[in-house]
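Residue numbers (my numbering): 4 to 273. Since the structure comes first, as structure tokens, the remarks are kept for the end.
Written out as structure tokens, the structure is:
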């Protein structure tokens with residue numbers, strides 16, 4: 004497994020279920036150039052590690068993430084266009100790294116997720132939030148816009164809701180966030196966070212039953228499926244994909260395990 008001992012803004016607990024904790028609680032886990040670089044590095048390494056099955060992204064302290072560090076944004080406002088383009092590309096690359104990770108990703112959300120913090124939640128496959136969590140796409144308050152996070156937000160909630168959140172900058176609660184598709188599950192609050200952890204663990208347990216190769220294929224295929232008419236090209240893509248995957252060692256093991264009424268080899272032994 005990779006060595007993450009030199010990280011300054013993240014704490015990583017490695018294992019089949021790897022936890023990536025944003026570790027700047029003094030600024031509510033707002034991210035700057037350093038955290039962006041470290042998130043990119045960590046998710047790149049975890050994507051290539053066969054020992055990692057699921058990744059949980061979480062925040063230390065009272066918040067998930069307050070989004071962009073305002074000192075970083077102030078530096079950006081005073082920098083050249085070339086500097087800003089390069090900086091924004093690094094941010095866009097990091098979000099894409101999380102979104103395109105071949106392993107299932109879960110955002111564990113307590114407190115607030117603001118601005119880019121909403122983008123992080125939307126980039127993950129699942130987002131589980133405590134009932135009192137709050138969300139806001141707040142960039143317009145600072146005279147900027149949620150540009151880099153826009154595609155992930157739009158994919159999660161649809162264009163109309165995404166534009167509403169961006170234009171109004173209104174805070175919404177976890178129940179409304181779930182209703183519009185920004186998060187996938189709301190959990191009752193408790194001071195210890197045990198209910199939130201239990202919900203994350205229950206989802207992890209479900210994910211570990213699936214074949215890791217199959218899950219990688221699901222993410223790769225669904226990333227290519229358009230919403231709308233089912234064209235000949237789409238039908239051919241799906242036919243070719245299932246034909247190829249049926250012949251894999253993982254598929255043979257999955258069918259053999261089912262017929263023998265035993266857990267598949269990839270299911271953790273309890």
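Ideal Cβ placement from N, Cα and C applies to all residues, glycine included. On a predicted model such as this, the values are computed, not experimentally measured, just so you know.
Considering residue 178, what are the terminal residues of the alpha helix (DSSP H) in which it resides?
177 to 182
Can you tell me whether DSSP reads residue 80 as helix, strand or coil?
Residue state, collapsed to three classes: helix.
Among 147, 192, 193, 186, whose alpha-carbon lies nearest the alpha-carbon of residue 3?
Only positions 4 to 273 of the chain appear in this structure, which leaves residue 3 out of reach.
Take every Cβ of the segment 124 to 134, pair it with every Cβ of the segment 176 to 186, and state whether three or more of those distances are shorter than 8 Å.
Inter-segment contact for the segment 124 to 134 and the segment 176 to 186 is present: three or more beta-carbon pairs are separated by less than 8 Å.
Based on DSSP bridge pairs, tell me the residues matched to residue 21.
58
Indicate whether residue 113 and residue 184 have their beta-carbon atoms separated by less than 8 Å.
no
Cβ of residue 57 within 8 Å of Cβ of residue 107?
yes
Simplified DSSP assignment, three categories, for residue 27
Residue 27 falls in the coil class under three-state DSSP.
Would you kindly work out how many angstroms separate the C-alpha atoms of residue 256 and residue 144, rounded to a whole number?
54 Å
6 Å Cβ shell around residue 160 - same chain, five flanking residues per side excluded:
183, 184, 185
May I ask you to list the residues that DSSP assigns as paired with residue 111?
61, 131
Mind checking residue 243: buried by the 16 CB within 10 Å criterion, or exposed?
exposed
Starting from residue 138, trace the beta strand (DSSP E) both ways and give me its first and last residue.
137 to 139
Residue 198 beta carbon less than 8 Å from that of residue 205
Going by C-beta atoms, residue 205 is not nearer than 8 Å to residue 198.
Measure the Cβ-Cβ separation of residue 89 and residue 34 and say whether it is below 8 Å.
no
Determine the burial state of residue 45: buried for a count of at least 16 other Cβ atoms within 10 Å of its Cβ, exposed for fewer.
buried
Identify the continuous beta strand (DSSP E) that holds residue 190 and give its terminal residues.
Its beta strand (DSSP E) spans residues 188 to 190.
Could you check if residue 21 is buried or exposed, using at least 16 other CB atoms within 10 Å of its CB as the buried criterion?
The residue in question, residue 21, is buried, as its Cβ has 16 or more Cβ neighbours within 10 Å.
Just list the residues that DSSP pairs residue 16 with in beta bridges.
22
Would you tell me roughly how many angstroms separate the C-alpha atoms of residue 36 and residue 211, rounded to the nearest one?
33 Å
With DSSP as the reference, label residue 117 as helix, strand or coil.
In the displayed model, residue 117 falls within a strand according to three-state DSSP.
According to the neighbour-count rule (16 or more other Cβ atoms, all chains shown, within 10 Å of its Cβ), is residue 149 buried or exposed?
With a 10 Å radius around the Cβ and a threshold of 16 neighbouring Cβ atoms, residue 149 comes out buried.
Can the beta-carbon of residue 10 be found less than 8 Å from the beta-carbon of residue 41?
yes
How is the alpha helix (DSSP H) around residue 223 delimited, first residue to last?
215 to 225
Within the continuous alpha helix (DSSP H) that includes residue 207, where are the two ends?
197 to 210
Is residue 246 helix, strand or coil when you go by DSSP?
helix
Within this structure, are the beta carbons of residue 118 and residue 140 separated by less than 8 Å?
yes
Since residue 60 contacts residue 38 with CB under 8 Å, what's their CB separation in whole angstroms?
Going by Cβ atoms, the distance from residue 60 to residue 38 rounds to 12 Å, so no, they are not a contact pair.
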